[in-house]
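Per this note's numbering, the sequence shown starts with residue -4, numbered consecutively. Glycine is no exception: its CB is placed at the ideal position from the N, C-alpha and C atoms. Quick caveat, the model's predicted, so the values are computed rather than measured. Structure, as structure tokens:
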Amino acid sequence: MTHINSKLVHQGRSSAEQALAVNPPLLRASTTVFPSLAAFKSSYRGVTFETPRYGRSGTSTAFELQTAMASICNTQSCIATSCGLSACAAVLSAYAKPGAQLLIQKEVYGPCKALADNELTQQQVDIDYFDSPQQLPDLITPKTSLIFLEVPTSLSMKMLDIRAMAEIARQHKIPLACDATWGTPYFFDAHGLGINISIHAATKYINGHSDTLLGLITGSYQDLEQTRRWCERYGSHAAPDACWLTLRGLRTLSVRMERHQENALHVARYLQTQPQVKNVLFPALPSDPGHSLWQQQFSGAAGPFSIELQPCDEASFEKFIDSLKLFSLGTSWGGFESLVMPAIPHHLRSEKTLPDEGRMLRLHIGLEDKGDLCADLQQALSRLKTCD
Ligand SMILES: *Cc1c(COP(=O)(O)O)cnc(C)c1O
């Protein structure tokens, strides 16, 4: 079984409690009881990471998901955490020892940047930001403990040369971590590109149904050792219910991603032809500056992208947003439904240099009919009066 589509369906379904059911059961537990003292002792010998000991280290529901995800990502190991942000926070914190330096990409997910700037810097950790691999050699010091990036960047949708990053990280023996939420393992082979620690907000596509939060971190046993220890010591834990829902969502990841891609490309091309739209930021479009890097590093495109409107007044902008019917107004993305989110409030934007004269917004293109989605945008755009 080597193809991702077969793994998506068959991995993570071998729980002993499963009996003859297709799906593993949802096993909720805080306390695990042992049949003998010998069994109790051996569970604490850490034979594997996935030995039931106590609810905090997971039940078979989390183990099934972690095993499936590691296999799907072609690596050895996976850690489930309570949400995508807690997964990013666990990795950043695990390497944020006093005196260490973290190198973080400038336009990472806003809450990660807020964590770094407001919390980690108070623990005598130096944080330096970069936006291209060329800047790294000048920034790396003997204290650099981690390089952390995200592709494409949230909102600004910028691509980065990951192979170049991985080569520099390898030469300096610094672990490279990447928030790979947008591409998912279906479109993005993080470890194949040389990333040591890959982070997924499974809240988004992997669960795919907008009904749970979950974070997943993947990598080799060795590359995840420091993060795993941090998660154990700080009690970072994923609830069995969230793992079960995510395992269920995982089964259809491939079909959903294909449809998200088809719809997103269709809607993006349509928006490019609209006079009220100044720019479409989507690396899958040949006109996007990140297009060739996207082609080299991704096997497909997910459903979120950003657009910049022509300058317009607030009232007209409000009318545009409020008259959308199929696009609901809300943060997050990755569910089956289409969403729109203006790039306000500004604290959500980690990069102050995003174009401001026009209005930025992020669309998530869901699984609706692509013609209906364009028609919905059309009727809303017709209410947008741009300033001359
Ligand atoms: C949504 C998101 C997160 C955070 O995930 P939560 O489950 O909402 O905490 C992290 N990184 C990226 C790129 C995201 O889009």
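Nonlocal neighbours in the same chain, by C-beta distance under 6 Å from residue i, ignoring five residues either side
| i | result |
| --- | --- |
| V250 | none |
| A14 | none |
| L379 | Q271, C307, S311, F315 |
| T381 | Q271, Q305, C307 |
| R23 | P235 |
| V42 | Because the pLDDT at V42 is just 48, under 50, the model does not fix this residue reliably, and the value given afterwards should be weighed accordingly. Excluding residues within five positions, none has a Cβ falling inside 6 Å. |
| E45 | F58 |
| G50 | A24, S25 |
| A89 | Q221, T222, W225 |
| A95 | V120, K138, S140 |
| G295 | F182, Q256 |
| I135 | H167 |
Bridge partners - residue i, DSSP secondary structure assignment
| i | result |
| --- | --- |
| C307 | T381 |
| D174 | E145, I194 |
| F125 | Q100 |
| R354 | L304 |
| S88 | Partner(s): none; S88 has no beta bridge. |
| S72 | G214 |
| S323 | L334 |
| Y49 | T26 |
| H186 | For H186, which the question treats as bridged, DSSP gives no partner whatsoever. |
| T139 | Q96 |
| V272 | L304 |
| P299 | H359 |
Neighbourhood of residue i by C-beta, 7 Å cutoff - its chain only, sequence neighbours within 5 removed
| i | result |
| --- | --- |
| C226 | I74, T76, A85 |
| L319 | V335, D371, A375 |
| K101 | Y124, F125, D126, E346 |
| Q71 | A65, S215, Y216 |
| G403 | Residue 403 is absent from the structure shown; the chain starts at -4 and stops at 383. |
| Q373 | none |
| D218 | P170, N191, I192 |
| R158 | L188, G189 |
| N202 | L209, L240, T241, G244 |
| E363 | L321, S333 |
| T326 | M336 |
Contact test: residue i Cβ vs ligand 1 heavy atom, cutoff 7 Å
| i | result |
| --- | --- |
| C78 | yes |
| A57 | no |
| A338 | no |
| D174 | yes |
| E145 | yes |
| S327 | yes |
| S149 | yes |
| L208 | yes |
| Y104 | yes |
| C83 | yes |
| T198 | yes |
Contacts around residue i, its chain only, beta-carbon distance under 8 Å, and the 5 residues preceding and following it disregarded
| i | result |
| --- | --- |
| A338 | L150, S301, R344, L349, R354, M355, L356, R357 |
| I(-1) | I67, P180, Y181, S249 |
| Y39 | R48 |
| R246 | L3, V4 |
| S81 | G210, S231 |
| A11 | S55 |
Whole-number beta carbon distance between residue j and residue i, since they are thought to touch under 8 Å
| i | j | result |
| --- | --- | --- |
| W239 | L21 | 4 Å |
| K365 | H232 | Their Cβ separation, rounded to whole angstroms, is 40 Å, which puts K365 and H232 out of contact at 8 Å. |
| A297 | G178 | 6 Å |
| T139 | I169 | 5 Å |
| P278 | M152 | 6 Å |
| D174 | I194 | 5 Å |
| A109 | I99 | Contact flag wrong, Cβ pair sits at about 12 Å. |
| G7 | L87 | That pair is no contact at about 27 Å. |
Interface flag, residue i vs chain D, CB-CB below 8 Å
| i | result |
| --- | --- |
| L288 | The structure shown contains no chain D, having only a single protein chain. |
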